[in-house]
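A short write-up of the structure that comes next.
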Amino acid sequence: MAENTNSPYDKELDFNYVSGKVKGYFSKTGDSFFNAVQFVKRNIIVLVLLFIVGAGFGYYKDYKKGPYYKNQIFVIPNFKSVDYLYSQADFLNSRVGDSVFFSNLGIKSTKQIRKVEVEPVVDIYDFVREEEDETKYMILKLMADNGDINKIMEDKTTSKNYKFHVINYFSSEWSNQQTVDGIMKFLNNDPFLESMQKEWTKNMEIKIAANDTLLKQIDGILDSYANKMSGNSVVFNEEKALDEVLKEKQRLVDEQARNRVDLVNYSKIIKDGSVVLNVNEPTVLRGKMKIIYPVIFIGVFVLLAWFVSFYKRQVNKRKILIKENE
1 MAENTNSPYD KELDFNYVSG KVKGYFSKTG DSFFNAVQFV KRNIIVLVLL
51 FIVGAGFGYY KDYKKGPYYK NQIFVIPNFK SVDYLYSQAD FLNSRVGDSV
101 FFSNLGIKST KQIRKVEVEP VVDIYDFVRE EEDETKYMIL KLMADNGDIN
151 KIMEDKTTSK NYKFHVINYF SSEWSNQQTV DGIMKFLNND PFLESMQKEW
201 TKNMEIKIAA NDTLLKQIDG ILDSYANKMS GNSVVFNEEK ALDEVLKEKQ
251 RLVDEQARNR VDLVNYSKII KDGSVVLNVN EPTVLRGKMK IIYPVIFIGV
301 FVLLAWFVSF YKRQVNKRKI LIKENE
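Under full-length UniProt numbering, the first residue of the sequence shown is numbered 1, with each subsequent residue one higher.
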């Protein structure tokens, strides 16, 4: 028969063991706290000096870095120049700090541009809204059926097809319109795209003129129909044809409205619109050096003191072991 080992005596031993462990833990915690208090008491002058020096150095670093502003230029890249826009923004970013380069653009201070990046203005409704973009809608629908629509909307390939994009540039001093003009001057200086701009503009003007002619012809048909109505000679087939004529006129009117807006946008390769300047852009560390450096200085001192204390304890242990073995 198996013996029962769960006796009250064993349970009492287990309780005493756990109780001893808990007391030992609190005792070590108390000793550690006391040692910390003693350490601060012994080194209070050094700690205070390190705090003052760290805070002073932190104030200096915060002042040296200065403010950090985010500036935004909302643009429309025309003539299939989206990739050009992104590559030129990368080039601008690579020339940050080059005073000669930016001076040639009319930007006098390198502090005006610290970082440049471009991102799309995500507008999926505008992306698929126009009639001629029905193919875009079908492709997007097919892609959405096979993946996360949010990821697809922000995908690099998809995002470059959005109409509006925003140039974000960051500065460490108050920015102005002169900097915006310098950036736009750089982006709109490309011989190939300038030739494309002339052709696209000419084609758009031809298209607008042709649509105006069609609209006049449609108005003539409608006037003729109105005269027939006054003579009561309208037949069913003419009413059906009239419905198609009215739909065509509405389509042309909508197209002409878009064409005239596009013609205005064609005035520049990268057409700038709204501009938002000097939005204070906080970062994780900016403005906090006055707190971070005192913590770093004191932390390094504490680690060094701990290492020295640890080294001394180990040396003393080795000495004791050597004496015991002699």
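Heads up, the beta-carbon is just placed ideally off N, CA and C, and yes, glycines get one too.
How many angstroms separate the CA atom of residue i from the CA atom of residue j?
i, j, result
"serine 94", "isoleucine 291", "32 Å"
"leucine 193", "tryptophan 174", "32 Å"
"alanine 89", "valine 116", "6 Å"
"methionine 42", "isoleucine 296", "Strictly speaking, residue 42 in this sequence is arginine, with methionine absent from that position. Cα-Cα distance, rounded: 20 Å."
"lysine 108", "phenylalanine 170", "15 Å"
"phenylalanine 57", "serine 99", "28 Å"
"phenylalanine 33", "proline 67", "41 Å"
"leucine 263", "tryptophan 200", "9 Å"
"valine 275", "serine 195", "27 Å"
"leucine 49", "tyrosine 86", "50 Å"
"asparagine 203", "leucine 222", "28 Å"
"glycine 97", "serine 172", "12 Å"
"lysine 111", "lysine 288", "21 Å"
"glycine 220", "proline 120", "44 Å"
"asparagine 168", "glutamine 197", "25 Å"
"phenylalanine 236", "tyrosine 225", "Its pLDDT being 44, under 50, phenylalanine 236 is placed unreliably by the model, and nothing is read from it."
"phenylalanine 102", "glutamine 178", "11 Å"
"aspartate 190", "methionine 184", "12 Å"
"valine 302", "lysine 323", "32 Å"
For a test of the three-state rule: what should DSSP assign to residue i, helix, strand or coil?
i, result
"tyrosine 69", "strand"
"asparagine 278", "strand"
"glutamine 168", "Note that residue 168 is asparagine in the sequence shown, not glutamine. If DSSP states are grouped into helix, strand and coil, asparagine 168 belongs with the strands."
"isoleucine 218", "helix"
"aspartate 123", "coil"
"isoleucine 52", "helix"
"lysine 271", "strand"
"glutamate 117", "strand"
"isoleucine 107", "coil"
"valine 75", "strand"
Less than 8 Å between the CB atoms is what I'm expecting for residue i and residue j, so what's the real figure, rounded?
i, j, result
"glycine 273", "aspartate 181", "Incorrect: roughly 14 Å between the Cβ atoms, too far for contact."
"proline 294", "phenylalanine 51", "5 Å"
"lysine 268", "asparagine 211", "With a Cβ gap of about 24 Å, lysine 268 and asparagine 211 do not count as contacting."
"valine 245", "isoleucine 206", "About 23 Å separates the two Cβ atoms, so there is no contact after all."
"asparagine 278", "tyrosine 69", "5 Å"
Determine whether the beta carbon atoms of residue i and residue j lie at a separation below 8 Å.
i, j, result
"arginine 258", "isoleucine 208", "no"
"leucine 252", "leucine 215", "yes"
"tyrosine 162", "valine 122", "yes"
"asparagine 78", "lysine 271", "yes"
"phenylalanine 74", "phenylalanine 164", "yes"
"lysine 160", "aspartate 83", "yes"
"asparagine 280", "isoleucine 76", "no"
"isoleucine 298", "leucine 47", "yes"
Using a beta-carbon distance below 8 Å, is residue i in contact with chain B?
i, result
"aspartate 223", "This model lacks chain B altogether; it includes just one protein chain."
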